[in-house]
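Enquirer: Residue 87 in full-length UniProt numbering sits at position 87 of the sequence shown, and the numbers go up by one each step.
All C-beta atoms, glycine included, are put in the ideal place defined by N, C-alpha and C.
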Amino acid sequence: MGEKLELGEEWFSNQKLLSKVLNKYVDKSKPLRFIEIGSWKGRSAIWFLENYLGHEASKIYCIDTWDVSAWNDYNTEKAFIQANAERAAELKVDSLFNIFINNIQAKGFSAKCIPIRKKSVEALQELEDHSFDFAYVDGDHSAQGCYEDLVACWPKVKKGGVMFGDDWTWKDDTDNSYPVKQAANRFAKEFNVSIKPFFKRGNGFYFVKK
């Protein structure tokens with residue numbers, strides 16, 4: 001199979017941390033169901049599929065608008081992309097989504113990957129509660145948006161499952177705040193769950209459903 005991948009920016013860099021968490025809480029020899037909020041061009045989804053979703057019945061549900069204009073939060077990556085005229089074409093919704101689909105197809109994962117082109121909270125309402133082994137939250141990085149993603153995603157995770165969030169130390173340069181950290185701490189307090197942050201060996205946090 002000739003693989004012609006266009007994965008773009010290396011925003012997915014938590015593989016070692018994710019491996020540590022996933023190796024502890026999931027059995028990849030069994031059929032697993034993952035949710036991913038924020039899929040971009042498919043780099044992280046492909047990593048999950050290659051490393052943990054090897055069972056023929058395993059699935060990953062990839063939720064994204066694939067529309068940069070719909071991003072609620074400001075970040076330096078978005079500003080860089082929008083300022084680069086040579087890359088303007090890929091910011092069109094259909095173009096970006098097609099890149100994702102082409103990457104998934106090139107790796108032979110079409111049967112295991114279910115893309116949902118909607119805003120995260122809306123998409124999550126369509127999924128069954130208590131039916132997912134793992135959720136990866138890397139979408140809206142605003143404090144309110146990230147919090148809403150965590151709240152909407154948590155009921156979907158089954159007992160013993162894990163919800164993992166990316167970018168614990170991400171800083172919003174517009175006001176020097178740490179919105180993802182704020183969202184995670186707010187969620188932990190309001191839902192009375194233990195938060196497990198990592199910032200020395202990775203840049204994420206996770207919750208385990210009891």
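1) Around the C-beta of Gly-2, are 16 or more other C-beta atoms found within 10 angstroms, so that it is buried, or is it exposed?
2) Spatial neighbours of Gly-42 within its chain, please: CB distance less than 6 angstroms, with the 5 preceding and 5 following residues excluded, ordered by chain position.
3) Look at the alpha carbon of Phe-34 and the alpha carbon of Tyr-61, and state the distance between them as a whole number of angstroms.
4) Give me, in chain order, the residues of the same chain whose beta-carbon lies closer than 6 angstroms to that of Pro-31; leave out the 5 immediate sequence neighbours on both sides.
5) Which first and last residues belong to the beta strand (DSSP E) in which Pro-115 is found?
6) Determine the direct distance from the alpha carbon of Phe-132 to that of Val-21, and round the result to whole angstroms.
7) What residue range is occupied by the uninterrupted beta strand (DSSP E) comprising Asp-166?
8) If you follow the beta strand (DSSP E) that Tyr-178 is part of, which residue opens it and which one closes it?
9) I'd like the list of long-range same chain contacts for Ile-46, defined as Cβ closer than 6 angstroms, with 5 residues on each side in sequence excluded.
10) When the distance is taken between beta carbons, is Val-137 closer than 7 angstroms to Cys-153?
11) From Glu-6 to Asp-64, what does the alpha carbon distance come to, in whole angstroms?
12) Among Lys-209, Lys-119 and Asp-67, whose alpha-carbon lies nearest the alpha-carbon of Val-157?
13) Consult DSSP for Tyr-52 and reduce its assignment to one of helix, strand or coil.
14) Indicate the three-state DSSP secondary structure (helix, strand or coil) for Gly-145 in the structure shown.
15) Using a threshold of 7 angstroms, state whether the C-beta atoms of Asn-14 and Gly-204 are closer than that.
16) Taking the alpha-carbon positions, what's the Arg-117 to Trp-66 distance?
17) Just how far apart, CA to CA, sit Phe-48 and Thr-174?
18) Flag this pair as yes or no: are the beta carbons of Ala-143 and Ala-188 separated by less than 7 angstroms?
19) Can you check DSSP and say which residues form a bridge with Tyr-136?
20) Let me check one thing: in DSSP terms, what residues is Ile-63 bridge-paired to?
21) Looking at the structure shown, is Met-1 part of a helix, part of a strand, or coil, going by DSSP?
Expert: By the coordinates alone:
1) Legend: pLDDT at Gly-2 = 49, less than 50; position of this residue unreliable, value from coordinates given subsequently. So Gly-2 counts as exposed.
2) Leaving aside the five residues that flank Gly-42 on each side, the residues in its chain whose CB is nearer than 6 angstroms to its CB run, in chain order, Phe-100, Asn-103 and Ile-104.
3) For Phe-34 and Tyr-61, the distance between alpha carbons rounds to 6 angstroms.
4) These residues qualify, in order along the chain: His-55, Ala-57 and Ser-58.
5) First-last of the beta strand (DSSP E) with Pro-115: 113–116.
6) For Val-21 and Phe-132, the gap between their C-alpha atoms comes out near 15 angstroms.
7) Segment 157–166, the beta strand (DSSP E) holding Asp-166.
8) Here Tyr-178 belongs to no beta strand (DSSP E), and DSSP marks it neither H nor E.
9) Lys-107, listed in sequence order.
10) Contact: yes.
11) Cα to Cα, the separation comes out at about 17 angstroms.
12) Taking each of Lys-209, Lys-119 and Asp-67 in turn and checking the Cα distance to Val-157, the smallest one comes out for Lys-209.
13) In this structure, Tyr-52 counts as coil in the three-state DSSP scheme.
14) Three-state DSSP puts Gly-145 in a helix.
15) Yes.
16) Computed Cα separation, rounded: 7 angstroms.
17) If I take the Cα positions, the gap works out to 33 angstroms.
18) For Ala-143 and Ala-188, no; Cβs fall outside 7 angstroms.
19) Partner(s): Glu-36 and Phe-164.
20) In the DSSP assignment, Ile-63 is bridged to Ile-37 and Ile-116.
21) Its pLDDT being 47, under 50, Met-1 is placed unreliably in this model, and the coordinates cannot settle the point.
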